[in-house]
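Reading through the structure tokens given below for one structure.
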Amino acid sequence: MSRTLALVTLAEGADPSRVAELESAAVLGKHLPGTVGGGHFTWDGIDDPIPPGFEDVADVDLVELELIDGSLADPDFTGEIKRTLLLRVEPDAPADSVAAFERDLMAMPDHIPAIVNWAFSRVVGPPGTRWTHSWEQEYYTLDGLKVDYMMSPHHWGLIDGWFDPEIPRQIVDLELAHVYHATARSVLAAALG
Amino acid sequence: MVGKIHVLDELTVEPGRLDEVRRLMTEGYMAGAKARGMTLEQTWLTPPIELFDQPNTLVYLWSVPDAAAWWAMRGAAGRDPSVAGFWAEVDACCVERQRRFLIDDQIGEVEE
Chain Y
1 MSRTLALVTL
11 AEGADPSRVA
21 ELESAAVLGK
31 HLPGTVGGGH
41 FTWDGIDDPI
51 PPGFEDVADV
61 DLVELELIDG
71 SLADPDFTGE
81 IKRTLLLRVE
91 PDAPADSVAA
101 FERDLMAMPD
111 HIPAIVNWAF
121 SRVVGPPGTR
131 WTHSWEQEYY
141 TLDGLKVDYM
151 MSPHHWGLID
161 GWFDPEIPRQ
171 IVDLELAHVY
181 HATARSVLAA
191 ALG
Chain C
1001 MVGKIHVLDE
1011 LTVEPGRLDE
1021 VRRLMTEGYM
1031 AGAKARGMTL
1041 EQTWLTPPIE
1051 LFDQPNTLVY
1061 LWSVPDAAAW
1071 WAMRGAAGRD
1081 PSVAGFWAEV
1091 DACCVERQRR
1101 FLIDDQIGEV
1111 EE
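Respectively, the protein sequence lines represent chains Y and C.
Going by the working numbering, the residue at position 113 of the first sequence is 113; the numbering climbs one at a time, nothing skipped.
So the working numbering is basically just the index in the second sequence, starting at one, shifted up by 1000.
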């Protein structure tokens, strides 16, 4: 079973009234400061679709996800942070490296208790998408992401080697979409339930 | 909380190319590393004499003050395409290279 997720980037010079409509759309999570490379909103693919017509004012980078694994430690999660990382593993990466990378990433919740719910997925569409994987987490607080997750030695001391251009085992492209938004409900409960 | 972090580069160099790699590191990396917040703590050569028919390993030990400084270093290197280009040039002289990160560890008391 697959699901969809989209990163939405407002176009420069877009019609302000349409932009205001977009910003008020409850189905979109507005990215918080610190987001990198993923535009202005995340549509998490639950409930209503992205309101039609927004292609006129925004770029909608939609991906189709196929779950590799995930965990719903708190199905009743009521916030406050949903984070998504879209990444691209280089097409010439050795298969055993890709498998090791996937294993390492999915071990992060064992080392970082601040990760509440999580899902790791392969991007399986649409054709031509630049992304290969999606790594989503939910946190009770923003510090859970910015401190516990980012500053964990497991993250910078081990996992990041797959991303680091100074390390020979790097297999992930430098251009990432690292985005997060406030939420009052569990997106992943719907995805994993 | 993690304090000082050491960055350990081990460059296993093809026979006959030690000076070339030393020069690359000195002229092509040191200044940029310093600008990214890295302090060079020590360099080593092992085996401790140049072998002309087998590889030698050059070891560079750097440090950054803490995890925030580590991310600053990492971010700066990621934004500068010349850094990856530099390592590609070094890798062409090496049979193997790795970078590891180290923190202080407590050595337990050994009972007699």
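Quick reminder that beta carbons are idealized off the backbone N, C-alpha and C, glycines included.
Beta-carbon proximity list for residue i, same chain, < 6 Å, skipping 5 on both sides
{"i": "residue 130 of chain Y", "result": "88"}
{"i": "residue 142 of chain Y", "result": "81"}
Burial state of residue i (16 or more Cβ within 10 Å)
{"i": "residue 35 of chain Y", "result": "buried"}
{"i": "residue 111 of chain Y", "result": "exposed"}
{"i": "residue 103 of chain Y", "result": "exposed"}
{"i": "residue 147 of chain Y", "result": "exposed"}
{"i": "residue 82 of chain Y", "result": "buried"}
{"i": "residue 1106 of chain C", "result": "exposed"}
{"i": "residue 109 of chain Y", "result": "buried"}
{"i": "residue 22 of chain Y", "result": "buried"}
{"i": "residue 161 of chain Y", "result": "buried"}
{"i": "residue 1054 of chain C", "result": "exposed"}
{"i": "residue 164 of chain Y", "result": "buried"}
{"i": "residue 1091 of chain C", "result": "exposed"}
Neighbour flag for residue i against chain Y, beta carbons, 8 Å
{"i": "residue 1078 of chain C", "result": "yes"}
{"i": "residue 1049 of chain C", "result": "no"}
{"i": "residue 1071 of chain C", "result": "yes"}
{"i": "residue 1062 of chain C", "result": "no"}
{"i": "residue 1031 of chain C", "result": "no"}
{"i": "residue 1092 of chain C", "result": "no"}
{"i": "residue 1074 of chain C", "result": "yes"}
{"i": "residue 1002 of chain C", "result": "yes"}
{"i": "residue 1103 of chain C", "result": "yes"}
{"i": "residue 1095 of chain C", "result": "no"}
{"i": "residue 1044 of chain C", "result": "no"}
{"i": "residue 1083 of chain C", "result": "yes"}
Chain C within 8 Å of residue i, Cβ atoms only
{"i": "residue 148 of chain Y", "result": "no"}
{"i": "residue 96 of chain Y", "result": "no"}
{"i": "residue 68 of chain Y", "result": "no"}
{"i": "residue 136 of chain Y", "result": "no"}
{"i": "residue 167 of chain Y", "result": "yes"}
{"i": "residue 1 of chain Y", "result": "no"}
{"i": "residue 198 of chain Y", "result": "No answer is possible for residue 198 of chain Y: it lies beyond the span of chain Y, which begins at 1 and ends at 193."}
{"i": "residue 34 of chain Y", "result": "no"}
{"i": "residue 157 of chain Y", "result": "yes"}
{"i": "residue 151 of chain Y", "result": "yes"}
Helix, strand or coil at residue i [DSSP, three-state]
{"i": "residue 185 of chain Y", "result": "coil"}
{"i": "residue 152 of chain Y", "result": "coil"}
{"i": "residue 24 of chain Y", "result": "coil"}
{"i": "residue 1092 of chain C", "result": "coil"}
{"i": "residue 1097 of chain C", "result": "strand"}
{"i": "residue 122 of chain Y", "result": "strand"}
{"i": "residue 6 of chain Y", "result": "strand"}
{"i": "residue 1027 of chain C", "result": "helix"}
{"i": "residue 1086 of chain C", "result": "helix"}
{"i": "residue 79 of chain Y", "result": "coil"}
Supposed contact pair residue j and residue i - C-beta distance, whole angstroms, cut 8 Å
{"i": "residue 1099 of chain C", "j": "residue 166 of chain Y", "result": "6 Å"}
{"i": "residue 1015 of chain C", "j": "residue 1052 of chain C", "result": "5 Å"}
{"i": "residue 15 of chain Y", "j": "residue 39 of chain Y", "result": "Contact doesn't hold; Cβ gap of about 17 Å is too wide."}
{"i": "residue 171 of chain Y", "j": "residue 93 of chain Y", "result": "4 Å"}
{"i": "residue 140 of chain Y", "j": "residue 116 of chain Y", "result": "6 Å"}
{"i": "residue 68 of chain Y", "j": "residue 121 of chain Y", "result": "6 Å"}
{"i": "residue 78 of chain Y", "j": "residue 184 of chain Y", "result": "6 Å"}
{"i": "residue 1067 of chain C", "j": "residue 156 of chain Y", "result": "6 Å"}
Closer than 8 Å to chain A by CB, residue i
{"i": "residue 1099 of chain C", "result": "Within the model displayed, chain A is absent; protein chains Y and C are what it includes."}
Contacting residues, own chain, Cβ-Cβ under 7 Å from residue i (five flanking each side not counted)
{"i": "residue 1042 of chain C", "result": "1061"}
{"i": "residue 1065 of chain C", "result": "1004"}
{"i": "residue 41 of chain Y", "result": "8, 28, 29, 30 and 31"}
Near the ligand MN: residue i beta-carbon under 7 Å from a heavy atom
{"i": "residue 1080 of chain C", "result": "Absence of the ligand MN is noted for the structure shown, with no ligands found whatsoever."}
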